[in-house]
Amino acid sequence: MLVVEDEMLVAMSIEDTLLAIGMQIVGLAPTVDRALQLLNDATKIDVVVLDMNLQGHSGLPVADACYQQSIPFLVLSGYGTSALLGTSHTAPVLSKPFSNSVLVEALDAVLEQKNGEASSSV
Numbered sequence: 000m001l002v003v004e005d006e007m008l009v010a011m012s013i014e015d016t017l018l019a020i021g022m023q024i025v026g027l028a029p030t031v032d033r034a035l036q037l038l039n040d041a042t043k044i045d046v047v048v049l050d051m052n053l054q055g056h057s058g059l060p061v062a063d064a065c066y067q068q069s070i071p072f073l074v075l076s077g078y079g080t081s082a083l084l085g086t087s088h089t090a091p092v093l094s095k096p097f098s099n100s101v102l103v104e105a106l107d108a109v110l111e112q113k114n115g116e117a118s119s120s121v
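Residues 0 to 121 (numbering that gives the first Met the number 0) are what the sequence shown spells out, left to right.
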């Protein structure tokens, strides 16, 4: 899993929550460039948690890279579901602020959908 979030306290809280449920974190990326680097360098990323506003820059290039690599992603946004308006991407959007339990439920749903698609294509 890759966490793309520019607010380090939020990123660390997400990391702690996910580590507590047994998920492996490939890295924390506070910028688009770092996220793209990790996406290109990492051997296996199951899912990405993606803040759409990274230090004033759009997270869409990261969403594009995830889409191209068939990596599901969960969008975090202080702007609600409008975070993906004007794009062809369909991804669940988790509005900030959110609780740890809501984050875990949303990620479970993303992973279940991914696993369902993988088994139906076999």
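For every residue, glycine included, the Cβ atom is placed at its ideal position computed from N, Cα and C.
{"Query": "Sufficient close CB pairs (3 or more, under 8 Å) joining the stretch 88-107 to the stretch 32-41", "Result": "no"}
{"Query": "M0 beta carbon less than 8 Å from that of L17", "Result": "yes"}
{"Query": "E104 versus I24 - alpha carbon distance", "Result": "17 Å"}
{"Query": "CA-to-CA distance, A34 to D5, given in whole angstroms", "Result": "11 Å"}
{"Query": "CB-CB length for L169 against L49, believed under 8 Å", "Result": "Any property of residue 169 remains undetermined from this structure, which presents the chain solely from 0 to 121."}
{"Query": "Residue burial classification, I70 (beta-carbon count within 10 angstroms, cutoff 16)", "Result": "buried"}
{"Query": "Environment of I13 [buried if 16+ CB atoms lie within 10 Å]", "Result": "buried"}
{"Query": "Sequence-distant residues of the same chain with beta carbon closer than 6 Å to V121, five excluded per side", "Result": "Because V121 sits at a pLDDT of 41, beneath the cut-off of 50, its placement in the model cannot be relied upon, and the point is left open."}
{"Query": "Inter-residue CB distance, V46 and L73 (contact presumed, cutoff 8 Å)", "Result": "7 Å"}
{"Query": "Pair within 8 Å by beta-carbon distance, V61 and V109", "Result": "no"}
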